[in-house]
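K.L.:
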Amino acid sequence: MSNDIAIRVENLGKMFRLGELERYTTLRDTLQRSVTRGVRRLFGKSGRNGSTDDNGSSRREKNTIWALKDVSFEVKHGEVLGIIGRNGAGKSTLLKILSRITEPTTGYAEIRGRVGSLLEVGTGFHPELTGRENVYLNGSILGMSQREIRKKFDDIVSFAGVEKFIDTPVKRYSSGMQVRLAFAVAAHPDPEILIIDEVLAVGDAEFQKRCLGKMDEVAHSGRTILFVSHNMAAVENLCTATIFLHEGELLSHDTTETVVTQYLNMTSGAAEAHYQIPSPNYLRAITIRDCNDLPRTHFKT
101 MSNDIAIRVE NLGKMFRLGE LERYTTLRDT LQRSVTRGVR RLFGKSGRNG
151 STDDNGSSRR EKNTIWALKD VSFEVKHGEV LGIIGRNGAG KSTLLKILSR
201 ITEPTTGYAE IRGRVGSLLE VGTGFHPELT GRENVYLNGS ILGMSQREIR
251 KKFDDIVSFA GVEKFIDTPV KRYSSGMQVR LAFAVAAHPD PEILIIDEVL
301 AVGDAEFQKR CLGKMDEVAH SGRTILFVSH NMAAVENLCT ATIFLHEGEL
351 LSHDTTETVV TQYLNMTSGA AEAHYQIPSP NYLRAITIRD CNDLPRTHFK
401 T
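Residues 101 to 401 (this note's numbering) are what the sequence shown spells out, left to right.
(1) Assuming V328 contacts L195 (C-beta within less than 8 Å), just tell me the rounded distance between them.
(2) With a Cβ-Cβ cutoff of 9 Å, do G216 and P289 count as a contact?
(3) Let me know the secondary structure DSSP gives E357 once reduced to three states.
(4) Taking the C-alpha atoms as reference points, what is the distance between K252 and S352?
(5) Does R310 pass the burial test, meaning 16 or more other C-beta atoms within 10 Å, or should it be called exposed?
(6) Fully enclosed by the region 180-217, which alpha helix (DSSP H) runs are 4 residues long or longer?
(7) May I ask you to report which of helix, strand or coil DSSP gives D55?
(8) Mind checking whether the beta-carbon of G261 lies closer than 8 Å to any heavy atom of the ligand SAM?
(9) Using 10 angstroms around the beta-carbon of Q278, count the other beta-carbons present and answer buried if the total reaches 16, otherwise exposed.
(10) Closer than 6 Å by C-beta to D354: which residues in its own chain qualify, once you throw out the five before and the five after it? Chain order, please.
(11) What separation, rounded to the nearest whole angstrom, lies between the Cα atoms of G207 and A260?
(12) With a threshold of 8 Å on Cβ separation, who are the neighbours of S172 within its own chain once the five nearest residues in sequence on each side are excluded?
(13) Excluding the five sequence neighbours on either side, which residues of its own chain have a C-beta within less than 6 Å of the C-beta of R323, listed in chain order?
(14) Looking at the unbroken alpha helix (DSSP H) that takes in S172, where does it start and where does it end?
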C-alpha cells in the first residue's frame, strides 16, 4: 500500500447466517455436536439423507445472506469519504469491519493510522457506569492513555453538554445525551482516521451543527474521515468523494456530486415504480375576496 493511502479495501465480502443457524449455542451444545460428528465419522455415517454435515450444505446456502459482496476501494490520507445507500445496503457492516469489530468472510481491509469510531448510540458504554467512568473506559478502548483522557476530559464533557450529568449512570441518559458523549469521546483523541455512522440521526439541530463543525475541523487538519449518512446535504457539504452501496455491492465511487445525483435518481425512480404517483394539479386562476364575498385586489390593514 502506497504512503498516501490510509485505507485499502480489496474484494471485501461479509456473509451472515440467518434463522436457526444464527441462534446462540451453549458449551454443552457445542460439545454434543462435536461428539456426534466424531461418532458419525467413526461409523462412516455422513448425516441425514447422505448430507455432508448436520444441517446440509444446501440448507446452509439457503439460510445465508451476503451483506457485502466483492467491495474494493481506496481512501487517501486527508480524504473525507461519504458512504451512502439505502437501509440494508451494507454501510454499517463495512464500517464494523473497518473498525475491527467483525471480520470479513472474504477479502481484506488494510488500515494505516489510529482509528476512532462512532457506530451506534452508546457504543462501548457500560450502562451501570457513570458518564465520567465511561469517558475513561471508552477512551481507553480507543487507545487513549489515562494522561491524555485527563487532559481532554473537560473539553469532551463540554462538547457533549452533559456537565450536570457526568456523575450519573449512563443508563439514565437519553439517547441524545449518549450519542453526544460518544461522539465527543470518539472525536477528541485526535484519531488519524475517524469513522462515523449516521451520527446526525440522533440529536437536535445544535448538536448536529457541532458534529459537522468538529468533522470539518478534523478534515481540515489533514486526517481521514469515513462518514455514513442519509443526510445528502451534509454529505455534499463535508465529503470530497463518496461511494454508493446497493444490496452489498459497490455501485459507484466518484465525486460526491456525481454519486449523490446517481443515488437520488435511483431512489426516486424506485419510489415512482413502487407507488402510483397521481398527476400534478395546476392553478389556473386565483380570486381574492373580502368578508362580503366580493373580489378585491387591495386590502386595508
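We put the beta carbon where it would ideally sit given N, CA and C, even for glycine. Note that the structure is a prediction, hence the values are computed from the model and not measured.
P.N.:
The structure says:
(1) Against the sequence shown, residue 328 aligns to sequence position 228. Against the sequence shown, residue 195 aligns to sequence position 95. Contact holds; Cβ gap of about 6 Å.
(2) Within the sequence shown, residue 216 is the residue found at index 116, counting from 1. Within the sequence shown, residue 289 is the residue found at index 189, counting from 1. Yes, Cβ-Cβ distance for G216 and P289 is below 9 Å.
(3) What you label residue 357 is simply residue 257 of the sequence shown in a count that begins at 1. If DSSP states are grouped into helix, strand and coil, E357 belongs with the helices.
(4) To locate residue 252, count along the sequence shown from 1; it is residue 152. To locate residue 352, count along the sequence shown from 1; it is residue 252. Computed Cα separation, rounded: 39 Å.
(5) Along the sequence shown, one-based indexing puts residue 310 at 210. With 16 or more other Cβ atoms within 10 Å, it is buried.
(6) 191-198
(7) The first residue shown for the chain is 101 and the last is 401, placing residue 55 beyond what the model contains.
(8) In the structure on display, the ligand SAM does not appear, and there are no ligands present to speak of.
(9) Your numbering for residue 278 matches position 178 in the sequence shown. Buried is the call here.
(10) For the purposes of this step, residue 354 is taken as the residue at position 254 of the sequence shown. Excluding sequence neighbours, D354 sits near nothing in its chain.
(11) Within the sequence shown, the letter at position 107 stands for residue 207. Within the sequence shown, the letter at position 160 stands for residue 260. In a straight line, the C-alpha of G207 is about 37 Å away from that of A260.
(12) Sequence index remark: in the sequence shown, residue 172 carries index 72 (1-based). Same-chain partners within the cutoff: V109, E110, N111, L112, G207 and L350.
(13) The count along the sequence shown starts at 1 and reaches residue 323 at position 223. Only E292 meet the Cβ criterion.
(14) Along the sequence shown, one-based indexing puts residue 172 at 72. Where S172 is concerned, there is no enclosing alpha helix (DSSP H), although the beta strand (DSSP E) it sits in stretches over T164 to K176.
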